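**Student:** Each residue of the sequence shown is one higher than the one before, starting from 102 at the first, in the working numbering.
Note that beta-carbon positions come from the ideal geometry of N, C-alpha and C, so glycine has one too.
Bear in mind the structure is a predicted one, so any value in this text is a computation, not a measurement.
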Amino acid sequence: MTDTATLAAADAVLVACRAAGLRVATAESCTGGLVAAALTEIAGSSDVFERGFVTYSNAAMHAMLGVDAALIAAHGAVSESVARAMAAGALAHAAADLAVAVTGIAGPGGGSAAKPVGLVWFGAARRGAAVRAERHVFPGDRAAVRHAAALRALALLREMI
102 MTDTATLAAA
112 DAVLVACRAA
122 GLRVATAESC
132 TGGLVAAALT
142 EIAGSSDVFE
152 RGFVTYSNAA
162 MHAMLGVDAA
172 LIAAHGAVSE
182 SVARAMAAGA
192 LAHAAADLAV
202 AVTGIAGPGG
212 GSAAKPVGLV
222 WFGAARRGAA
232 VRAERHVFPG
242 DRAAVRHAAA
252 LRALALLREM
262 I
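Next up, the structure:
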């Protein structure tokens, strides 16, 4: 079940997309589909939400979104370049106008000095525009990081409209 703040953010995306005639796709790694779930928890979302990709592994990012394996090898799955490629790949593989991508380290393990637990990279793409990327380090446990990342992804979508 999605919390009130997340549902409100998702609803704002859907309302704005309807008004603008835009459709949305998501590409998620560390959030495991939370952004897509928030959007689709709202009745009638099918007129806006086109599809969601949950690409938790590097192989899935490559196979489903076309993220170059060499890019992942060079920069790691949690990187600006991969977040941008994920967002662009979601647009390329969906009949959508907007896409948001999320890749990060939710923890509790897997972090390093260069890439700490809580690090999340976002990619946001709109057809005909440059892909935008953002880096955040969210505090808290795994659930808190994932929740914060899903909220930021929804906010990015809203900003791209």
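(1) Roughly how far, in whole angstroms, is the beta-carbon of V232 from the beta-carbon of T204, given that I think they are within contact range, below 8 Å?
(2) On the DSSP letters alone, give me the boundaries of the alpha helix (DSSP H) that R124 sits inside.
(3) Just mark A254 as buried or exposed, buried being the case when its beta carbon has 16 or more other beta carbons within 10 Å.
(4) First and last residue of the beta strand (DSSP E) that includes E235?
(5) Could you name the residues that DSSP lists as bridge partners for V221?
(6) Buried or exposed for G71, please, with buried defined as at least 16 other CB atoms from any protein chain shown within 10 angstroms of its CB.
(7) Under the rule that 16 or more other beta-carbon atoms within 10 Å means buried, what is T132, buried or exposed?
(8) Would you decide whether T127 is buried or exposed? Buried here means 16 or more other CB atoms lie within 10 Å of its CB.
(9) On a Cα-Cα basis, can you pick out the residue from G153, A215, A251 that is closest to M165?
(10) My output table needs one value for V136: the three-state DSSP class, helix, strand or coil.
**Tutor:** Based on what the coordinates show:
(1) On the sequence shown, residue 232 is found 131 positions in, with the first residue counted as 1. On the sequence shown, residue 204 is found 103 positions in, with the first residue counted as 1. Actually they do not touch by this definition, with Cβ atoms about 13 Å apart.
(2) The sequence position of residue 124 within the sequence shown is 23, counting from 1. Neither: R124 is in no alpha helix (DSSP H) and is coded neither H nor E.
(3) The residue you call residue 254 lines up with position 153 of the sequence shown. Per the 10 Å Cβ criterion, buried.
(4) Locating residue 235 in the sequence shown gives position 134, counting from the first residue. Taken as a continuous stretch (DSSP letters only), the beta strand (DSSP E) holding E235 covers 233-238.
(5) The count along the sequence shown starts at 1 and reaches residue 221 at position 120. DSSP lists G205, H237 as partners of V221.
(6) The displayed coordinates of the chain run from 102 to 262. Any statement about residue 71 would go beyond what the structure contains.
(7) On the sequence shown, residue 132 is found 31 positions in, with the first residue counted as 1. Answer is buried; the Cβ neighbour count reaches 16.
(8) As a first step, residue 127 is located in the sequence shown; it is residue number 26 there, counting from the start. Buried.
(9) Reading the sequence shown from its first residue, position 64 is the one you call residue 165. The shortest Cα separation from M165 among G153, A215, A251 belongs to G153.
(10) Translated into positions along the sequence shown, residue 136 becomes position 35. Here V136 sits in helix by DSSP.
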